[in-house]
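Novice: This is the structure I have questions about; it appears just below.
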Amino acid sequence: MSKVTELFTESTKDNSINWVEKLKTQHCKYIDKKCIKNRKSEPEIAIGTCTLNYGKDEKNIIICPFRLLERKQIFMDCIHLLTAHEPGNELHILSEIKIPGGNVDYFLVSTDSNRKVKDFVGIELQTLDTTGTVWPERQRFLKEQGFETKDTITDSKKPFGMNWKMTAKTILVQIHHKIHTFENLNKHLVLVTQDCLLDYIKQEFTFSEVSDNPKIGDSMHFHSYELNNEKDKSYKLKLSKRYSTDSDGISVLLGLQAEANVELEKILITLESKINDRTLFTI
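Going by our numbering, 151 is the number at position 150 of the sequence shown; the sequence numbering is gapless.
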C-alpha cells in the first residue's frame, strides 16, 4: 500500500476526490498554482506529494513547506508578535525577503493606511527533507486508484527516508545567521515546523536555553504544529506548542556558546598571566 498521505493537497483516503482532474491540473491550493515540485527527468510533471506516512508509528510527516500554509493559520498565530500593530492597520504577507544573513520565507507586515510599515515579523517554514525518492510511492498510489503507469517503478522495493539530522542542522544554522538582524532591530523571527521535527531538535540539540513559556521580549520563537486526521478524512493543522529564546539561546542550541566560552577562557588566562605591578596603568 502506498505511503502517500496527501497528494496535490488532497487526502489520499478521501474517495470523493477526482484524481483524473487533480493529475490534469496538478494544482496546489496553498500557493494557488501548479505544484512547483517537478520531476527532474520530466519537468512538465509535478510530483505533488505533500505528506507521507512514515516509520514504525506510521506518523504522517509533512515534506512540503507550502503544506504549512493551510488556512494561513501560521500567520494568524504570529499576530501577537506585532507589538506595534494597531486597530485600523493593514496586514500584509510578503514572501522571499532578503536580509543580512539570507532570505526569509515570509514577512507578516503591519502598515498604516498609507501603506507605511509599522511593524513586521519574519517567518521561516521548515519541513522534513527526504532521502531517496518518493516517486515510487506516488505511482503506487495512482496504480491503486486504477491508473495505468508507464514505468515499472511501482515494484521498486527501495525505501525513502527522512533526513532528520541534516534538516534540523541546516535550519538552525540558517536561523543563527539571521536572528542577530532581528534582535538588533528589536523584531521577532518565528520558525514554523511540524511537531515531530521540533521534537527531534529538542532531543538532539541543547534546548536548555529555550523557554516553553514564550516571552514577547525574546527575538526567536518556535511554533510547532500537529497534523490531525479529521472525520471527513482530510487533515488539518493545529498549533501544538510554542517556545522562545534569543540569539544566545540559538548559539547554545547549536553548541556554539561552549566553544565561545573556551576561547574567552583562553584569552583571560593569557591576559591574567601577563598582569603584574609593571603593567599597572598609573598616572
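Heads up, the beta-carbon is just placed ideally off N, CA and C, and yes, glycines get one too.
Would you identify the three-state DSSP class for residue 185, choosing helix, strand or coil?
Specialist: Correct three-state label for residue 185: helix.
Novice: Can you tell which of 90, 190, 147 has its C-alpha closest to the C-alpha of residue 106?
Specialist: The candidate whose alpha carbon is nearest that of residue 106 is 190.
Novice: Can you check which of these residues, 185, 145, 252, 212, is closest to residue 174 by C-alpha distance?
Specialist: Among 185, 145, 252, 212, the Cα nearest to that of residue 174 is on 252.
Novice: Considering only C-alpha positions, which residue in the set 166, 85, 186, 145 is nearest to residue 128?
Specialist: Among 166, 85, 186, 145, the Cα nearest to that of residue 128 belongs to 166.
Novice: Let's test the definition: count the other Cβ atoms within 10 Å of the Cβ of residue 118 and tell me whether it reaches 16, buried, or not, exposed.
Specialist: So residue 118 counts as exposed.
Novice: Taking the continuous alpha helix (DSSP H) assigned at residue 252, which residues delimit it?
Specialist: Run containing residue 252: 248 to 254, per the alpha helix (DSSP H) assignment.
Novice: Closest to residue 181 by CA distance: which of 101, 16, 90 is it?
Specialist: Here the closest residue by C-alpha is 101.
Novice: The alpha helix (DSSP H) with residue 31 in it runs from where to where?
Specialist: Per DSSP, residue 31 belongs to no alpha helix (DSSP H) and is neither H nor E.
Novice: According to DSSP, what are the bridge partners of residue 239?
Specialist: Paired residue(s): 227.
Novice: Please work out which residues of its chain come closer than 7 Å, Cβ to Cβ, to residue 260, disregarding the five sequence neighbours upstream and downstream, and give them in chain order.
Specialist: A caution first: residue 260 carries a pLDDT of 48, below 50, which makes its placement in the model too unreliable to give a value.
Novice: Within a Cβ cutoff of 6 Å, which residues of the same chain sit near residue 15, ignoring the five residues on either side of it in sequence?
Specialist: Excluding positions up to five away in sequence, the list reads 234.
Novice: Taking residue 100 as part of the beta strand (DSSP E), name the residues at either end of that continuous run.
Specialist: That run of the beta strand (DSSP E) goes 91 to 100.
Novice: Any heavy atom of the ligand FAD inside 8 Å of the beta-carbon of residue 198?
Specialist: Looking for the ligand FAD in the displayed structure turns up nothing, as the structure carries no ligands at all.
Novice: Under 9 Å between the Cβ atoms of residue 56 and residue 38?
Specialist: Taking 9 Å as the Cβ cut-off, residue 56 and residue 38 do not qualify as a contacting pair.
Novice: CB-CB under 8 Å to residue 256, same chain, minus the five flanking residues each way: which ones, in chain order?
Specialist: Taken in chain order, the residues that qualify are 206, 207.
Novice: Just to confirm, is the Cβ distance from residue 177 to residue 241 under 9 Å?
Specialist: No; because the gap between Cβ atoms is not below 9 Å, this pair is not in contact.
Novice: By a C-beta neighbour count over all protein chains shown, 10 Å radius and 16 as the cutoff for buried, is residue 115 buried or exposed?
Specialist: Exposed, by the Cβ-count rule.
Novice: Going by the beta-carbon positions, is the gap between residue 125 and residue 73 smaller than 9 Å?
Specialist: It is not a contact, given that the beta carbons lie outside the stated cut-off.
Novice: Mind the definition here: the segment 138 to 150 touches the segment 208 to 227 only if three or more C-beta pairs lie below 8 Å; say whether that holds.
Specialist: Contact between the segment 138 to 150 and the segment 208 to 227 is absent, because fewer than three Cβ pairs lie under 8 Å.
Novice: Using a threshold of 9 Å, state whether the C-beta atoms of residue 163 and residue 134 are closer than that.
Specialist: Contact flag unset, no.
Novice: What separation, rounded to the nearest whole angstrom, lies between the Cα atoms of residue 91 and residue 112?
Specialist: Approximately 5 Å between the Cα atoms of the pair.
Novice: Return the CA-CA distance between residue 93 and residue 270, expressed in angstroms with no decimal places.
Specialist: Rounded to whole angstroms, residue 93 to residue 270 spans 52 Å at the Cα level.
Novice: Buried or exposed: which applies to residue 81, given that a residue is buried once 16 or more other Cβ atoms fall within 10 Å of its Cβ?
Specialist: Flag for residue 81 reads exposed.
Novice: State buried or exposed for residue 17, treating a residue as buried only when at least 16 other CB atoms are found within 10 Å of its CB.
Specialist: Classification for residue 17: exposed.
Novice: Go through the segment 128 to 181 residue by residue and report every complete run of the alpha helix (DSSP H) that reaches 4 residues or more, in order.
Specialist: Counting whole runs of 4 or more residues, the segment 128 to 181 contains the alpha helix (DSSP H) stretches 136 to 145.
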